[in-house]
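Only one structure is covered here, and it is reproduced in the block below.
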Amino acid sequence: MVSDNSFASVIRVNIALLRLSGVVSYENGSIHQSSLQNILITIAYGCLFAYAGLYTYEFVLHTVYLDTWMESFAMILSLVGGQARFTILLLFRSRFQRLLATCEELWTMLNATEKKHVRDYVKPTRHLTYYYLFSCAFTIFFYALANLFMGQYDDALNATIRTLPYICPVEVHRSPYYEVMYIAQLCSMIHVGLTCAGADTVGPVLILTICGHFKVLNTRILHLNDPNRVRSKGSCSVSMKSLEIMRERNDTKNHVKSNFEACVYYHQTMFE
């Protein structure tokens, strides 16, 4: 579970997408490694790899047919691009998890006003994620529903043959195999869409999060003369190193120096 007081609660939609694809795993508000992650990664990467391979094969096999060529090429661009970004995220997964842990540490250093600054910066990424998810869902279900009203007419059988919405390595037309494969394709393509959405929105989330913390740092520097600005109640829940810095500079005459050192430590944590 993700605590409402943690940074993960601010980006809960993105965290949910990353958990589904196995990139991160949260338990009691902390990031940890689990065997379930490897299973989820295998499923996500397997779906992406399978569809990318099938559409690439279809593209090479039926290049002479313009309608199939255009459809296959468009799907290849989407799937291979999503697979590449997801692969990069997996290769740097440990570093990304450290970034999230650092974001959680920085979040504990903020008071209520400063947390609002970060939330305001991160909020657009939530709208971007919802828009991305809506676009993926619309495209996937459009393919799936449109396929129900379309089919290939066979002159020899004098009947319309049902086709699956996405490429399948084997031809399936009869019940119940058609229905089973239809549901399997729909579920797997939804998983592909969610995986790509999680991988594609990671960058904007991290960038705007850092922008929010720079805003906090800028505010703190502008209020160095205020002894209560940096050392607020919310900021007192920092790491032991930061607390020692505050206690050593307890003299009110040195509060500017103390606040400045706290800002420097905060800035160093941002660049870890």
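Here numbering that gives the first Met the number 0 is used: position 77 in the sequence shown is 76, and no number is missing along the way.
All residues carry an ideal CB built from backbone N, CA and C; glycine is no exception.
None of these values were measured; they are calculated from a predicted model.
Query	Result
Proximity of ALA43 and SER77 at Cβ, strictly below 7 Å	no
Distance, THR218 Cα to TYR50 Cα	49 Å
Assigned exposure category for HIS212 - 16 Cβ within 10 Å defines buried	buried
Whole-Å CB distance - VAL169 paired with TYR177, under 8 Å assumed	So it is not a contact: roughly 11 Å between Cβ atoms.
Chain-order list of residues whose beta-carbon lies under 7 Å from that of TYR54 (same chain, five-residue window excluded)	SER71, MET74, ILE75, LEU78, ILE166
CB of PRO164 within 7 Å of CB of ALA143, strictly	yes
Of the listed residues CYS46, ILE189, TRP68, nearest to TYR56 (C-alpha basis)	TRP68
Segments of 4+ residues assigned as alpha helix (DSSP H) that fall wholly inside the stretch 151 to 226	176 to 199, 201 to 221
Exposure of LEU60, with buried meaning 16 or more beta-carbon neighbours within 10 Å	exposed
Nearest-angstrom beta carbon gap, PHE48 and GLN82 [assumed within contact, 8 Å]	7 Å
At least 3 beta-carbon pairs within less than 8 Å: the stretch 3 to 22 vs the stretch 191 to 206	yes
Proximity to CYS46 [Cα-Cα], best of ARG84, GLN184, THR208, ARG18	GLN184
Delimiting residues of the alpha helix (DSSP H) encompassing GLY52	34 to 60
Cβ neighbour criterion (16 or more within 10 Å) applied to MET108	buried
Alpha-carbon spacing of HIS126 relative to LEU221, whole angstroms	31 Å
Presumed contact (8 Å Cβ cut-off) between THR124 and LEU17, rounded CB distance	Contact doesn't hold; Cβ gap of about 13 Å is too wide.
CA-to-CA distance, VAL12 to TYR129, given in whole angstroms	9 Å
Which listed residue (THR162, MET149, LEU39, SER34) has its alpha carbon closest to that of THR194	LEU39
Cβ pair VAL338, GLU113 closer than 7 Å	A query on residue 338 cannot be resolved here, the shown segment of the chain reaching from 0 to 271 and no further.
Distance between ILE182 and ILE139 (C-alpha atoms, nearest Å)	12 Å
Buried versus exposed, by CB contacts within 10 Å (16 or more), VAL179	exposed
Alpha-carbon to alpha-carbon, PHE148 and ARG273	The chain is shown only over 0 to 271; residue 273 falls outside these bounds and no answer can be derived.
ILE209 versus SER93: straight-line alpha-carbon distance, rounded	19 Å
Limits of the alpha helix (DSSP H) - the one that VAL117 falls within	111 to 147
Bounding residues of the alpha helix (DSSP H) (the contiguous stretch that carries ASN281)	In the structure as shown, the chain begins at 0 and stops at 271. Residue 281 is therefore absent and cannot be evaluated.
CB-CB length for ALA136 against GLY192, believed under 8 Å	7 Å
Nearest-angstrom Cα separation, counted from PHE95 out to ASN4	21 Å
Alpha-carbon spacing of TYR131 relative to PRO175, whole angstroms	33 Å
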